[in-house]
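Presented below is the structure to which this report refers.
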Amino acid sequence: MTPGRRLPFVVAHRGASAALPEHTLGAYELALKEGADGLECDVRLTRDGHLVCIHDRTIDRTSDGTGVVSELTLDELKDYDYGEPGCPAPLLAFDELVRLALDWTSRPVKLFVETKHPVRYGALVENTLLACLDKYGIGAPASADHARAVVMSFSPSAVWRVRRSAPLLPTVLLGESARYVGGGAATTVGATAIGPSVKTLRTHPELVDKAAAAGRATYCWTVDEHADVELCRRLGVDWVATNHPGRTKLWLDA
Ligand code: G3P
Ligand code: CA
-9 MTPGRRLPFV
1 VAHRGASAAL
11 PEHTLGAYEL
21 ALKEGADGLE
31 CDVRLTRDGH
41 LVCIHDRTID
51 RTSDGTGVVS
61 ELTLDELKDY
71 DYGEPGCPAP
81 LLAFDELVRL
91 ALDWTSRPVK
101 LFVETKHPVR
111 YGALVENTLL
121 ACLDKYGIGA
131 PASADHARAV
141 VMSFSPSAVW
151 RVRRSAPLLP
161 TVLLGESARY
171 VGGGAATTVG
181 ATAIGPSVKT
191 LRTHPELVDK
201 AAAAGRATYC
211 WTVDEHADVE
221 LCRRLGVDWV
231 ATNHPGRTKL
241 WLDA
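So in the working numbering, spot 184 of the sequence shown is number 174, and the numbers just go up one at a time.
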């Protein structure tokens, strides 16, 4: 490590999801044991207003059930298995993930929570999320460094809603196009960080310096290859989201 140079922090994308089923308690526990600095998750609202950690609109890919998350109640969703053959796993409610992160006392772990849009409940997703973060005392951090939660979205409206209602919370405007994440959108919605994909960063490495010059951090996803981890380190990316938190920590510590 270059003296005085900060390593990128490592965010476990959907948990240690290369090793264990995504968005399961086991995947997040493994990520913590492997040294992850942050935990990424996607959240959706159930029909009865609970936030659950599920990426897709439906549970078809990640469970042994079928159906649309927003049309099912929490109890109905809990009826299914979110693991894999030989490795069963229950549904993970967002509350449980918050408790896991906050109970991990050996180091402060940040939650990177992505709200998915468009969805039928619109702004209710962010409102419910902010209420939950407030309930756990992490909705209004003293500073971005001390924040235990970061809210992210591809939806500029969602980021703006969070910025307006919880101005102290860090936010990431996610995006695929360099023109979009590196342009005026982040300023317009008041995002504190930009979130380009690693593919975008490979062709537009200048995004990191440009964001830093505007006082913004960079969160890059999904950084699984060694060359990409090195690229992010060289560019000064603040956060790398990876499905392999353990080996990424080892690479960065080498
Ligand atoms: O961390 C951001 C990244 O997760 C966005 O893409 O589809 O994996 O949610 P996706
Ligand atoms: Ca995500």
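A virtual CB, placed ideally from N, CA and C, is assigned to each residue, including glycine.
Predicted model, so just to flag it, every value in this text is computed and none were measured.
- For D46, the Cβ stays outside the 7 Å cut-off from all heavy atoms of ligand 1.
- Looking only at D46, P80 and L67, the smallest Cα-Cα distance to H40 is reached by L67.
- Scanning H136, P195, P80 and T118 for the CA closest to the CA of R97 turns up H136.
- No heavy atom of ligand 1 is found nearer than 7 Å to the CB of W229.
- For S133 and T182, the gap between their C-alpha atoms comes out near 12 Å.
- Between P235 and A79, the CB-CB gap reaches or exceeds 8 Å.
- In the DSSP assignment, K23 falls within the alpha helix (DSSP H) that extends over L15 to K23.
- Taking C-beta atoms as the reference points, W94 and L22 count as a pair closer than 8 Å.
- Secondary structure at S147: helix, using DSSP grouped into helix, strand and coil.
- An exposed status is given to G205, since fewer than 16 other beta-carbon atoms sit within 10 Å of its beta-carbon.
- Taking a cut-off of 8 Å on C-beta distances, the segment 55 to 70 does not touch the segment -2 to 12, as fewer than three cross pairs fall below it.
- Less than 8 Å separates the beta-carbon of V219 from that of T238.
- Only residues of its own chain outside the window of five on either side were considered, and among them H13, C31, D32, V33, L82, F84 and L87 have a CB closer than 7 Å to the CB of C43, listed in chain order.
- Residue state for K100 is assigned as strand, using DSSP reduced to three classes.
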